[in-house]
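Enquirer: Numbering (full-length UniProt numbering), first residue to last: 1 to 258.
After the structure tokens below, expect a handful of questions from me.
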């Protein structure tokens, strides 16, 4: 299903996006050496429910997962890149942490992810991975607007990632979003320009470039959810929810005051 939102629904989506961004910003500020991933999950739960919102993850049960996700946020560390199931793990200095959060507020969902290094260490490889996904995300957003096609966004993202020397996995990518978290159209992280669905005002999309340092192959943890690099290399993931407008694309998942 491809859902086109009314102006009133887009306004509600802006509120959801700000909430998601504010929660992620707060959690990133609290995540420090010694913080347990299960603490982060509980902090996310308290902020989501305290805002009168609903988690998109607790009851999430897609075909590729194992049972309901059962937690409020994805916490992926180092070689884990997607769907990181919160577990009993205390963050160490130099860990590369990805937080991925989706909530529903006022009947509209928003989804965002950030990657960052914990503590004082700044491993060059980790910083490069994070910055590459951020550049690719910006390139995809710049290509979005009324009349553009999904392939234009995918091409922009893929070219940016490859220019930085990374391989691109096409198993998981971006997606439409609206009254539910995952909708059509799928937005691959590489593609051919001029192809695919033509964007129109009122469409919400989640763009989410992610990379692994030296591979494009994933393996799944025994928990049935956490996806890791097949070689054990480090990974990063950046994501925004955007709204297609008459003039271009607006980023919805920015924190208050941005």
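We put the beta carbon where it would ideally sit given N, CA and C, even for glycine.
Looking only at C-alpha atoms, which of 73, 12, 30, 69 sits nearest to residue 45?
Expert: Residue numbering aside, residue 45 sits at position 45 when the chain shown is read from its first letter. Considering only alpha carbons, the answer is 73.
Enquirer: Report the rounded CA-to-CA distance for residue 33 versus residue 98, giving the unit in angstroms.
Expert: Working through the chain shown from its first residue, we reach residue 33 at position 33. Working through the chain shown from its first residue, we reach residue 98 at position 98. C-alpha separation (whole angstroms): 15 angstroms.
Enquirer: Might you give, ordered along the chain, the residues of its own chain that have their beta carbon closer than 6 angstroms to the beta carbon of residue 152, omitting 5 neighbours on each side?
Expert: In the chain shown, residue 152 corresponds to position 152, counting from 1. Closer than 6 angstroms at Cβ, skipping near neighbours: 143, 193.
Enquirer: Would the beta-carbon of residue 37 fall within 9 angstroms of that of residue 86?
Expert: Position 37 of the chain shown, counted from the first residue, corresponds to residue 37. Position 86 of the chain shown, counted from the first residue, corresponds to residue 86. Contact flag set, yes.
Enquirer: How is residue 111 classed by DSSP in three states: helix, strand or coil?
Expert: Residue mapping note: residue 111 aligns to position 111 of the chain shown, counting from 1. Three-state result, residue 111: strand.
Enquirer: Are residue 176 and residue 156 close, meaning C-beta to C-beta below 9 angstroms?
Expert: Counting from 1 along the chain shown, the entry for residue 176 is found at position 176. Counting from 1 along the chain shown, the entry for residue 156 is found at position 156. It is not a contact, given that the beta carbons lie outside the stated cut-off.
Enquirer: State yes or no: is the C-beta of residue 70 within less than 9 angstroms of the C-beta of residue 91?
Expert: Translated into the one-based positions of the chain shown, residue 70 becomes position 70. Translated into the one-based positions of the chain shown, residue 91 becomes position 91. Not in contact: residue 70 and residue 91 (Cβ atoms no closer than 9 angstroms).
Enquirer: In the DSSP output, which residue or residues are listed as bridge partners for residue 6?
Expert: Position 6 of the chain shown, counting from 1, holds the residue named residue 6. DSSP output for residue 6 lists no bridge partner at all.
Enquirer: If I'm right that residue 112 touches residue 24 with Cβ under 8 angstroms, what's the distance once you round it to whole angstroms?
Expert: Within the chain shown, numbered from 1, the residue matching residue 112 stands at position 112. Within the chain shown, numbered from 1, the residue matching residue 24 stands at position 24. The Cβ separation is near 6 angstroms, so the contact holds.
Enquirer: Cβ atoms of residue 182 and residue 7: under 9 angstroms apart, would you say?
Expert: In the chain shown, the residue the question calls residue 7 occupies position 7. In the chain shown, the residue the question calls residue 182 occupies position 182. No.
Enquirer: With three or more C-beta pairs closer than 8 angstroms as the rule, is the stretch 50-62 touching the stretch 184-204?
Expert: Counting Cβ pairs under 8 angstroms, fewer than three are found: no touch.
Enquirer: Looking at the unbroken beta strand (DSSP E) that takes in residue 229, where does it start and where does it end?
Expert: As a position in the chain shown, residue 229 is number 229, starting the count at 1. Element bounds for residue 229: 227-229.
Enquirer: If you drop the 5 nearest sequence neighbours on each side, which residues of the same chain put their C-beta closer than 8 angstroms to that of residue 173?
Expert: Position 173 of the chain shown, counted from the start, is the residue given in the question as residue 173. Same-chain partners within the cutoff: 154, 186, 187, 188, 189, 208.
Enquirer: Buried or exposed, going by whether 16 or more other CB atoms sit within 10 Å of the CB of residue 1?
Expert: The residue given as residue 1 occupies position 1 in the chain shown. The residue in question, residue 1, is exposed, as its Cβ has fewer than 16 Cβ neighbours within 10 Å.
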